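Just so we're aligned: the sequence shown equals residues 1 to 487 in UniProt numbering.
Worksheet for the structure shown next.
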Amino acid sequence: MPDTATPPTASAEPTAQSRGSLRLRLMLGAAIWVFAALAVAVVVLRGLFVAYVEDQIRERLITDLNQLVAYTEVDASGNASLSQPLSEPQFHRPLSGLYWQIETADGRGVLRSRSLWDGVLQVPHLPVPANGDGDIQTHTTTGPTGSRLLIAERMVTFPDYDKPLRLMVGWDESKLQGLIDAFTRTLSWSFVVLAVGIVGAAWAQIAFGLGPLRRLRGALAAVGNGQNRRLLGTYPREVMPLVEDLNAMLDRNARMMSSASETAGNLAHGLKTPLAIIANEAVALAERGDHEGSALLTQQVELMRRQVDHHLARARAQAAGEARGLKTPVSPSLTRLSRVLGRLSDCRIDVLEEAPPTFRGDAQTLEEILGNLMENACKWARGQVQVRARQGRFASGGMCLELVIADDGPGIPEDRFDDVLRRGRRLDESKPGSGLGLSIVDDLTRAANGTLTLGRSPLLGGLQVIVQLPSAGRLTTAAAGQSEPSA
Numbered sequence: 001m002p003d004t005a006t007p008p009t010a011s012a013e014p015t016a017q018s019r020g021s022l023r024l025r026l027m028l029g030a031a032i033w034v035f036a037a038l039a040v041a042v043v044v045l046r047g048l049f050v051a052y053v054e055d056q057i058r059e060r061l062i063t064d065l066n067q068l069v070a071y072t073e074v075d076a077s078g079n080a081s082l083s084q085p086l087s088e089p090q091f092h093r094p095l096s097g098l099y100w101q102i103e104t105a106d107g108r109g110v111l112r113s114r115s116l117w118d119g120v121l122q123v124p125h126l127p128v129p130a131n132g133d134g135d136i137q138t139h140t141t142t143g144p145t146g147s148r149l150l151i152a153e154r155m156v157t158f159p160d161y162d163k164p165l166r167l168m169v170g171w172d173e174s175k176l177q178g179l180i181d182a183f184t185r186t187l188s189w190s191f192v193v194l195a196v197g198i199v200g201a202a203w204a205q206i207a208f209g210l211g212p213l214r215r216l217r218g219a220l221a222a223v224g225n226g227q228n229r230r231l232l233g234t235y236p237r238e239v240m241p242l243v244e245d246l247n248a249m250l251d252r253n254a255r256m257m258s259s260a261s262e263t264a265g266n267l268a269h270g271l272k273t274p275l276a277i278i279a280n281e282a283v284a285l286a287e288r289g290d291h292e293g294s295a296l297l298t299q300q301v302e303l304m305r306r307q308v309d310h311h312l313a314r315a316r317a318q319a320a321g322e323a324r325g326l327k328t329p330v331s332p333s334l335t336r337l338s339r340v341l342g343r344l345s346d347c348r349i350d351v352l353e354e355a356p357p358t359f360r361g362d363a364q365t366l367e368e369i370l371g372n373l374m375e376n377a378c379k380w381a382r383g384q385v386q387v388r389a390r391q392g393r394f395a396s397g398g399m400c401l402e403l404v405i406a407d408d409g410p411g412i413p414e415d416r417f418d419d420v421l422r423r424g425r426r427l428d429e430s431k432p433g434s435g436l437g438l439s440i441v442d443d444l445t446r447a448a449n450g451t452l453t454l455g456r457s458p459l460l461g462g463l464q465v466i467v468q469l470p471s472a473g474r475l476t477t478a479a480a481g482q483s484e485p486s487a
């Protein structure tokens with residue numbers, strides 16, 4: 001199986017974790033408060049409606065009672081009659097729920113409405129007023145149908161009869177409950193519709209309010225994929241401090257990486273002169289006959305050179321990995337490298353470009369990756385090298401720039417793949433070089449968040465290296481010409 005070089009796994013550290021949705025949390029909070037507030041409103045409005053209806057019923061009963069008093073005539077024998085029917089039609093309809101009754105103070109029935117049919121209003125006895133008529137009183141009792149009645153009554157003394165009569169009007173409260181239930185149902189459904197509308201409006205408001213965060217996420221993605229170096233765009237004043245802090249962090253990180261890369265480069269170049277002097281001293285030792293010391297010194301100088309070259313390459317790789325907003329076309333680098341290496345070696349280099357996307361990084365990194373791989377292929381090939389650039393796909397599903405370099409050489413056994421990626425390790429000491437080519441490519445690829453896969457070429461039979469690098473889309477011809485690094 002091919003071996004894929006992947007970035008090393010970092011030690012376990014506390015990391016930010018996703019816990020729920022901010023939009024859902026705001027939405028849930030708004031929905032709870034809306035439904036709670038509307039539920040309280042339903043209870044309050046229902047209570048106000050009940051109180052209002054009961055007051056209206058009492059007013060109506062008092063009006064009907066006053067009308068009953070006005071229409072009642074009593075002769076000297078105590079026989080009561082109405083001078084004219086009461087105006088409310090329900091008094092004339094049997095068991096309609098609205099009743100009146102006239103009786104003596106001791107409870108003997110004298111006259112009652114047709115709506116009572118053959119029933120009688122059972123009410124508690126009231127004290128007889130000492131002088132004149134009594135006050136209007138209200139209470140409840142059981143009606144002819146077994147339901148609860150609200151009663152308004154008073155004691156009245158008529159001119160032709162010296163004993164007071166008890167006049168009362170009753171209203172069936174089951175009718176009130178029906179009104180209350182109908183009102184509650186209508187009110188509840190209306191508030192449900194209102195709640196849904198308010199929640200929908202809250203959802204739209206939350207989506208609108210979170211818009212700047214969506215734009216910020218897009219700006220971060222643009223920085224991450226190399227389109228921009230800093231966060232761009234306009235944001236509300238509440239979000240701007242976060243944007244400014246992130247931009248400051250990006251700028252500081254870029255300065256640190258640039259400084260580290262420059263320091264490493266200066267150190268590496270500064271060590272080359274002393275190493276050259278030591279190497280010359282090793283030659284002088286050999287000329288003086290100290291071949292053993294010269295060989296030991298030469299070996300250590302070569303080891304130091306490998307270390308310097310390796311760390312210089314790592315510094316470039318780390319700086320390249322932090323590069324933002326860079327887009328490098330592949331074609332100019334492929335053309336130049338294939339022309340130069342074709343002249344320096346006896347290999348035929350076939351370049352196949354299948355509409356590759358641009359590389360999200362700098363030209364130096366791309367050329368160092370391609371240059372090391374193509375040079376290594378030419379070194380081991382018998383006569384043919386093939387370089388293919390195309391659009392590929394990462395294992396995670398994202399699009400990438402895929403470079404495939406294959407040769408017709410002896411290849412590498414699968415069990416030695418790890419060895420060739422180690423720093424300064426060479427499988428054949430007779431071949432020229434420091435053994436850093438594939439190791440440097442591996443470092444550069446990891447730093448660029450890419451992958452490197454070793455295998456055997458199915459077409460040429462030798463080593464095949466597949467490098468997948470982050471892409472930044474395709475450039476137009478004009479843009480490609482502007483981005484091409486100088487030769």
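From the three backbone atoms N, C-alpha and C, an ideal C-beta is built for every residue, glycine too.
Here the structure is a predicted model, which is why all the values come from computation and not from measurement.
Within a 10 Å sphere around the beta-carbon of tryptophan 33 sit fewer than 16 other beta-carbons, which makes this residue exposed. Shortest Cα-Cα distance from leucine 231 to any of Leu82, Ala381, Val243, Arg237 involves Val243. Between the alpha carbons of glutamate 88 and leucine 179 lies a distance of about 19 Å. In its chain, beyond the 5 residues on either side, Ala264, Ala268 have a beta carbon closer than 7 Å to the beta carbon of histidine 311. In this structure, tryptophan 171 places its C-beta atom within 8 Å of the C-beta atom of leucine 98.
The region 114 to 186 is shown to contain whole beta strand (DSSP E) runs of 3 or more residues at 137 to 142, 148 to 156, 165 to 172, in chain order. Serine 396 is classed as exposed because its beta carbon has fewer than 16 other beta carbons within 10 Å across all chains shown. DSSP places glutamine 364 in the uninterrupted alpha helix (DSSP H) bounded by 363 to 380. One alpha carbon belongs to glutamine 90, the other to alanine 37, and they sit about 40 Å apart. If the five residues before and after arginine 388 are omitted, its C-beta is found closer than 6 Å to the C-beta atoms of Leu352, Val404, all from its own chain and listed in chain order.
Taking 8 Å as the cut-off, the beta carbon of leucine 401 is found no closer than this to the beta carbon of aspartate 362. When DSSP states are grouped into helix, strand and coil, valine 387 belongs to the strand group. The C-beta separation of serine 81 from leucine 95 comes to about 23 Å, leaving the pair out of contact by the 8 Å criterion. Boundaries cannot be given for valine 330, as no beta strand (DSSP E) includes it and DSSP labels it neither H nor E.
Cα atoms of threonine 145 and glutamine 122: separation of roughly 12 Å, rounded to the nearest angstrom.
DSSP links proline 470 through a beta bridge to Cys400. When secondary structure is reduced to three states using DSSP, phenylalanine 394 falls in the coil class, being assigned neither helix nor strand. Here glutamine 299 is exposed, its C-beta having fewer than 16 other C-beta atoms within 10 Å. Residue state for glycine 224 is assigned as helix, using DSSP reduced to three classes. Straight-line spacing of the CA atoms in arginine 108 and glycine 143 works out to 18 Å. Selection Leu213, Gly218, Leu297, Lys175 evaluated against valine 50 yields Lys175 as nearest (Cα-Cα). Annotation for serine 147: Asp172, Ser174 place their beta carbon closer than 6 Å to its own, counting only its chain and skipping 5 residues before and after. With fewer than 16 other beta carbons inside 10 angstroms of its own, serine 190 counts as exposed. Going by beta carbons, leucine 165 and valine 156 fall inside the 8 Å limit. When DSSP reads this structure, glycine 218 sits in no beta bridge, so it has no partner.
By the Cβ neighbour-count rule, isoleucine 102 is buried, with 16 or more other Cβ atoms within 10 Å of its own. In the DSSP annotation of this structure, the continuous segment of the alpha helix (DSSP H) that includes glutamate 59 starts and ends at 22 to 71. The straight-line gap separating the alpha-carbon atoms of methionine 374 and leucine 22 is approximately 50 Å. The residue from Ser261, Arg112, Ala105 with its alpha-carbon nearest to that of leucine 86 is Arg112. Nearest neighbour of glutamate 354 by Cα position, chosen from Gln384, Arg390, Ala105, turns out to be Arg390. Between phenylalanine 359 and serine 471, the CB-CB gap stays under 8 Å. Cβ atoms of isoleucine 466 and threonine 453 come within 8 Å of each other, at about 4 Å. Among the bridge pairs identified by DSSP, tryptophan 100 is matched with Val169.
According to DSSP, residue pairing for alanine 201 in a beta bridge does not occur.
The DSSP-derived three-state label of serine 83 is coil. Secondary structure at valine 74: strand, using DSSP grouped into helix, strand and coil.
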